[in-house]
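Here's the structure, in structure tokens; my notes come after.
In the UniProt record's numbering, the protein residues as written are 1 to 50.
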């Protein structure tokens, strides 16, 4: 018997039924990126003074 109950799921990458969620996610990603860059700049400045 070769019946199967396995079904393929759609690829979720790049798919969101809600544009607001995409907008919020992109904004959060940018804020995190800015925070990491600021933290790295502070760390590099601290080591440059030594």
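Just so it is clear, CB atoms sit at the ideal spot from N, CA and C, and this is done for glycine as well.
* Rounded to a whole number of angstroms, what is the C-alpha to C-alpha distance between residue 21 and residue 13? -> 14 Å
* Asked: Do you know how far the Cα of residue 35 is from the Cα of residue 28?
  -> Pairing residue 28 with residue 35, the inter-Cα distance amounts to about 11 Å.
* **residue 24 (DSSP reduced to helix, strand or coil)** => helix
* For residue 37, three-class secondary structure by DSSP -> helix
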